[in-house]
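For the sequence shown, the residue numbers in UniProt numbering are 1 to 296. In what follows, a single structure is set out as structure tokens and then discussed.
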Amino acid sequence: MNELRELEPDFWRAPSAHNTRPWTLTYSDTEAAVGWDPARALPVSDPTGRDLRLSLGAFVECCLIVCADAGLGIAFRPDPGPLRVGFLYRAGRPYETPFTTADVRARGANRGDYHPGRLPDEVAAGLAGMRRLACRDLADLLHAADLRQFGDRQVTRELRAWLRLTRRHRRYLLDGLSDRALALSKAEALALRASLALYPALRRLGLPRVLAGASRELLDYDGDVLVLVGTAGEEVEPGRLLMRHWLTLSGLGYTTHPLSQLIDCERTRASLAGLLGVADPRTLLHVARVGRPKPG
């Protein structure tokens, strides 16, 4: 399985919450165990491991696509175990997929401004498991979720640990959420760094409300939010599906912006389930706005 090692840089282009890149590959002669590094999990903001398993599924899909493009016959076998979700192993032929390594490299998230416009019905209909809502319908819910997130000391501390708001940060190019990924100007990045550094004092003065204030503007346009509905606790295969959907959208010129805080907050998750007519809020697995990004 050594032939996979040189492909790892493209495997690692899979998306993950806070860009923690939690995946691990442990090689033997005939297979590679797909697992995760617990130091790169998010025990506070992702206590159930939902986002972790989704990212591992996306990672598996990236591995299979990149291996197929390289002409390698590699398949995946689910086999959950301690710090493991399954194995990549040699197969008789490459994985069948319409996507290529170039598609994996071209995909990206965008947290900046989007052009107004809804997804064409035929595009939305082709995204299995996805439900969509108008952006403006979720503006108040997003504000409430952000207010809860920034008001929680532990959640904010965990977020701060993964922020890379200056190029001087020793891990700026390796992982985490950079100022560029967050679409922040230098002044905005500096202000965020300063406010989070003083969080304990400023929290009592209303900092969470200030940080959450941009939420309403973020969704104040004619656009779409996509919600993946599946089975709670079974997110690896949905993560693979999600990766295929993101690659499909990317190929059509769309980007996405994860809004997981909407389902991390119990109250807003229940409200979102109500809007969608979903009986069990736990089956809401992923939320993201989607559209065509404006030039930065």
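We put the beta carbon where it would ideally sit given N, CA and C, even for glycine. Source: prediction; values computed, not measured.
By the three-class DSSP mapping on this structure, what secondary structure does ASP175 have? It is coil, neither helix nor strand.
Please identify the residue among ARG204, ALA144, ARG13 whose C-alpha is closest to the C-alpha of ALA109. Looking from the CA of ALA109, the closest CA among ARG204, ALA144, ARG13 belongs to ARG13.
Which same chain residues end up closer than 7 angstroms to GLY230 when comparing Cβ atoms and leaving out the 5 residues on each side of it in sequence? Cβ within range, chain order: GLY129, PRO238, THR283, LEU285.
So does the segment 36-47 actually touch the segment 63-81, counting three or more Cβ pairs closer than 8 angstroms? Judged by Cβ distances under 8 angstroms, the segment 36-47 makes no contact with the segment 63-81, as fewer than three pairs qualify.
So is GLU235 buried or exposed if we call it buried at 16+ other beta carbons inside 10 Å? Per the 10 Å Cβ criterion, buried.
Starting from the N-terminal side, write out each stretch of the beta strand (DSSP E) that is 3 residues or longer and does not extend beyond the segment 8-87. With a minimum length of 3 residues, the continuous beta strand (DSSP E) runs that stay inside the segment 8-87 are 23-27, 31-36, 74-81.
What are the partner residues of ASP152, as DSSP defines its beta bridges? Partner(s): none; ASP152 has no beta bridge.
Roughly how many angstroms lie between the CA atoms of ALA33 and LEU83, to the nearest whole one? Going by the C-alpha atoms only, they are around 10 angstroms apart.
Check whether the Cβ atoms of LEU165 and ASP179 sit closer than 8 angstroms, and answer yes or no. Taking 8 angstroms as the cut-off, the beta carbon of LEU165 is found closer than this to the beta carbon of ASP179.
If you drop the 5 nearest sequence neighbours on each side, which residues of the same chain put their C-beta closer than 8 angstroms to that of SER250? Excluding sequence neighbours, SER250 sits near ASP103, ALA106, ARG107, GLY108.
Whole-Å CB distance - PRO258 paired with ALA270, under 8 angstroms assumed: Their Cβ separation, rounded to whole angstroms, is 20 angstroms, which puts PRO258 and ALA270 out of contact at 8 angstroms.
Cβ neighbours of PRO22 in the same chain (closer than 7 angstroms, five flanking residues each side left out): Apart from the 5 residues on each side of it in sequence, PRO22 sits with its Cβ closer than 7 angstroms to the Cβ of SER16, TRP36, ASP37, ARG40, ALA41, LEU52, SER55 in its chain, given in chain order.
Report yes if the C-beta distance between ARG240 and ALA58 is below 8 angstroms; otherwise report no. In this structure, ALA58 lies closer than 8 angstroms to ARG240 by Cβ.
Among residues of its own chain, excluding the 5 on either side of ASP79, which ones have a beta-carbon nearer than 7 angstroms to its beta-carbon? Non-local beta-carbon contacts of ASP79 in its own chain, meaning distances under 7 angstroms to residues more than five positions away in sequence, involve GLY86, PHE87 in chain order.
Just to confirm my understanding: we take HIS245, look at its own chain, exclude 5 residues before and 5 after, and list those with CB closer than 6 angstroms. What are they? Same-chain partners within the cutoff: LEU127.
With VAL278 as the anchor, note down where its alpha helix (DSSP H) starts and where it stops. Annotation: VAL278 is outside any alpha helix (DSSP H) and is labelled neither H nor E by DSSP.
If I follow the unbroken beta strand (DSSP E) through ALA134, where does it start and stop? Annotation for ALA134: the continuous beta strand (DSSP E) segment containing it runs 130-134.
Excluding sequence positions up to five away, which residues of its chain have a Cβ less than 6 angstroms from the Cβ of VAL44? Correct list, in chain order: GLN154, VAL155, GLU158.
Could you tell me the alpha carbon to alpha carbon distance between PRO116 and GLY223, rounded to whole angstroms? The straight-line gap from Cα to Cα measures roughly 6 angstroms.
Identity of the residues DSSP links to GLY163 by a beta bridge: The sequence shown places Leu at residue 163, rather than the Gly named in the question. Beta-bridge analysis with DSSP links LEU163 to LEU177.
Look at the alpha carbon of GLY112 and the alpha carbon of ALA183, and state the distance between them as a whole number of angstroms. Between the alpha carbons of GLY112 and ALA183 lies a gap of roughly 5 angstroms.
When burial is assigned at 16 or more other CB atoms within 10 Å of the CB, is LEU142 buried or exposed? Looking at its Cβ environment, which holds 16 or more other Cβ atoms inside 10 Å, LEU142 is buried.
CA nearest to the CA of HIS18, picked from ASP46, SER28, ASP10, MET1: When only C-alpha atoms are compared, the closest one is ASP46.
Is the beta carbon of GLY176 sitting closer than 8 angstroms to the one on LEU163? A contact, by the Cβ cut-off of 8 angstroms.
If we call anything under 8 angstroms between Cβ atoms a contact, is THR101 one with ASP69? In this structure, ASP69 lies closer than 8 angstroms to THR101 by Cβ.
Less than 6 angstroms between C-beta atoms, sequence neighbours within five positions excluded: which residues of the same chain meet that for ASP152? The beta carbon of ASP152 sits closer than 6 angstroms to none of the beta carbons in its chain outside the five residues before and after it.
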